[in-house]
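J.:
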Amino acid sequence: MTQSLSRGRVGVGRERIPIASDHAGCALRSTLATLLTELGYEVDDLGPATADPVDFPDFAHPLADMVASGAVSRGVLLCGTGLGMSYAANRHAGVRAAVAWTPEIARLARQHNDANILVLPARFVSDEEGRDILRSWLDTPFEGGRHQKRVAKIELHSRAEVAGSITMLSLMSDGEEGEADGDGRGCGTHEPGTGES
Ligand code: RB5
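Each residue of the sequence shown is one higher than the last, beginning at 1 in the numbering used here.
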């Protein structure tokens, strides 16, 4: 399931990446669209064209449709907090839209969650931070392994689906590497910034 992250080059099948925002993300979207072009991607800018108020779902759904249908493998959304865009995009089957406000969260969203839509909280990150977050997300591959089964389970909504998938998912667990944390005796202490299991 690990997707090719090869950066497009002019004339060599450049990867098409759609990007959309609402009014709150309009200016940062333009900055990030420029970065994507500079990096060699074919940018599909879905708007809006101005910072006049719009409703974020009107821009989230068309982009999420493109990812869900397989027309593109990934896309970028922006709104003020990132939350509204992520709620709307994550309604689409197969979409994993991750709000990232640091490059590290963007990296983990790829490594652990195979996030196929990056959502930026435009009112809470600078242009420079936004560019760093986007670069981190673009350049990080999905790690697979123990995360493969967890990502597969995201799509299971009903008890029947879960029951039907138990065999498949336990097969996927075979040979899985051990967890780094936990001794089976409770949650331990909360230590932000430690562990990536
Ligand atoms: C617009 O003011 C704001 O609500 C929107 O950009 C977003 O943050 C919604 O989740």
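From the three backbone atoms N, C-alpha and C, an ideal C-beta is built for every residue, glycine too.
Can you give the Cα-Cα distance for A89 and L118, rounded to whole angstroms?
T.: Approximately 10 angstroms, taken between the alpha carbons.
J.: Flag this pair as yes or no: are the beta carbons of G82 and L120 separated by less than 8 angstroms?
T.: Closer than 8 angstroms, so yes.
J.: Given V10, which residues of its chain have a CB within under 8 angstroms of its CB, disregarding the five upstream and five downstream residues?
T.: Residue placement at V10 is poorly supported in this model, since its pLDDT is 44, which falls under 50; the coordinates are not used for a value here.
J.: Just verifying my parser: in three-state terms, what is the DSSP assignment at P192?
T.: Coil, per DSSP.
J.: Note down, in chain order, each residue of its chain lying with its Cβ closer than 6 angstroms to the Cβ of G25, except the 5 sequence neighbours on either side.
T.: Counting only Cβ-Cβ distances below 6 angstroms, and skipping sequence neighbours, we find L78, C79, A122.
J.: Could you give the residue range of the alpha helix (DSSP H) that holds T144?
T.: According to the sequence provided, residue 144 is Gly. The question's Thr does not apply to it. Careful: G144 lies outside any alpha helix (DSSP H) and carries neither H nor E.
J.: Let's test the definition: count the other Cβ atoms within 10 Å of the Cβ of E128 and tell me whether it reaches 16, buried, or not, exposed.
T.: It is exposed - the Cβ of E128 has fewer than 16 other Cβ atoms within 10 Å.
J.: Is F124 near the ligand RB5, in the sense that its beta carbon is under 7 angstroms from a heavy atom of that ligand?
T.: Incorrect: F124 has no Cβ contact closer than 7 angstroms to the ligand RB5.
J.: Under DSSP, the beta strand (DSSP E) around G75 begins and ends at which residues?
T.: Its beta strand (DSSP E) spans residues 75-79.
J.: Near M85, what residues of its chain come up, given a Cβ to Cβ distance below 6 angstroms and the 5 sequence neighbours on each side ignored?
T.: Closer than 6 angstroms at Cβ, skipping near neighbours: F56, A60, L77, C79, V119.
J.: Can you list, in chain order, every residue whose CB sits closer than 5 angstroms to a heavy atom of the ligand RB5?
T.: Listed along the chain, these residues meet the criterion: D22, A24, C79, G80, T81, L83, G84.
J.: Does V72 come out as helix, strand or coil in the three-state DSSP assignment?
T.: Here V72 sits in coil by DSSP.
J.: Residues in its own chain within less than 6 angstroms of A222 by CB, not counting five upstream and five downstream?
T.: The displayed coordinates of the chain run from 1 to 197. Any statement about residue 222 would go beyond what the structure contains.
J.: Residue range of the beta strand (DSSP E) that I117 falls in?
T.: Start and end: 117-121.
J.: Which one or two residues does DSSP pair with I17 in a beta bridge?
T.: DSSP lists V43 as partners of I17.
J.: Alpha carbon to alpha carbon, what distance is there between Q111 and D132?
T.: Spanning the two alpha carbons is a distance of roughly 16 angstroms.
J.: Can you tell me whether G184 is helix, strand or coil according to DSSP?
T.: If DSSP states are grouped into helix, strand and coil, G184 belongs with coil.
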